[in-house]
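Peer 1: Take a look at this one; I'll ask things after.
Here's what the structure looks like:
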């Protein structure tokens with residue numbers, strides 16, 4: 400689900416990419432897109448081109464077609480004060496996420 404984000408979020412994403420490149424982690428090939436993940440399914444991402452051979456997930460396509468019939472939901476607003484770096488480990492039993500580090504964010508008023 401797409402979200403509206405302050406331009407500072409884009410700058411934060413770019414800064415993270417730059418710092419990761421310094422330690423040999425390749426930049427993301429897709430353009431940054433602020434979003435909220437509402438569902439996941441195994442096998443196919445629902446975003447063609449995400450991985451070689453990736454195909455549209457039919458269940459997600461049906462869900463997207465159904466959601467178009469409803470008004471755009473208002474999820475409200477929020478201000479992040481911190482973010483966390485997670486390690487994502489994929490396995491046959493699903494993904495396992497481990498919190499690695501916490502980073503405080505400063506607001507424009509700080």
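Residue numbers (the working numbering): 400 to 509.
All C-beta atoms, glycine included, are put in the ideal place defined by N, C-alpha and C.
Computed from a predicted model, the values in this text were never measured in an experiment.
Give the range of the alpha helix (DSSP H) segment to which residue 458 is assigned.
Peer 2: Within the chain shown, the letter at position 59 stands for residue 458. Residue 458 -> alpha helix (DSSP H) spans 457–466.
Peer 1: With 16 as the cutoff for other CB atoms within 10 Å, does residue 447 come out buried or exposed?
Peer 2: The residue given as residue 447 occupies position 48 in the chain shown. Annotation note: pLDDT 47 at residue 447 (below 50); position unreliable, coordinate value reported separately. By the 10 Å Cβ count, residue 447 comes out exposed.
Peer 1: When we look at the beta-carbon of residue 502 and count the other beta-carbons within 10 Å, is it buried (16 or more) or exposed?
Peer 2: Residue 502 sits at position 103 when you count from the first residue of the chain shown. Looking at its Cβ environment, which holds fewer than 16 other Cβ atoms inside 10 Å, residue 502 is exposed.
Peer 1: Hey, would you say residue 474 sits closer than 7 Å to residue 498, going by beta carbons?
Peer 2: Residue 474 sits at position 75 when you count from the first residue of the chain shown. Residue 498 sits at position 99 when you count from the first residue of the chain shown. No, the pair does not count as a contact, with Cβ atoms beyond the cut-off.
Peer 1: State the DSSP-derived secondary structure class of residue 414, mapped to helix, strand or coil.
Peer 2: The sequence position of residue 414 within the chain shown is 15, counting from 1. Residue 414: helix per DSSP, three-state reduction.
Peer 1: Could you give the distance in angstroms between the alpha-carbon of residue 411 and the alpha-carbon of residue 437?
Peer 2: Position 12 of the chain shown, counting from 1, holds the residue named residue 411. Position 38 of the chain shown, counting from 1, holds the residue named residue 437. If I take the Cα positions, the gap works out to 23 Å.
Peer 1: Is the beta carbon of residue 490 less than 7 Å from the beta carbon of residue 496?
Peer 2: Here residue 490 refers to the residue found at position 91 when the chain shown is read from its first residue. Here residue 496 refers to the residue found at position 97 when the chain shown is read from its first residue. Contact: no.
Peer 1: Is the CB-CB distance between residue 479 and residue 433 below 7 Å?
Peer 2: By one-based count along the chain shown, residue 479 stands at place 80. By one-based count along the chain shown, residue 433 stands at place 34. Result no, Cβ atoms of residue 479 and residue 433 do not sit closer than 7 Å.
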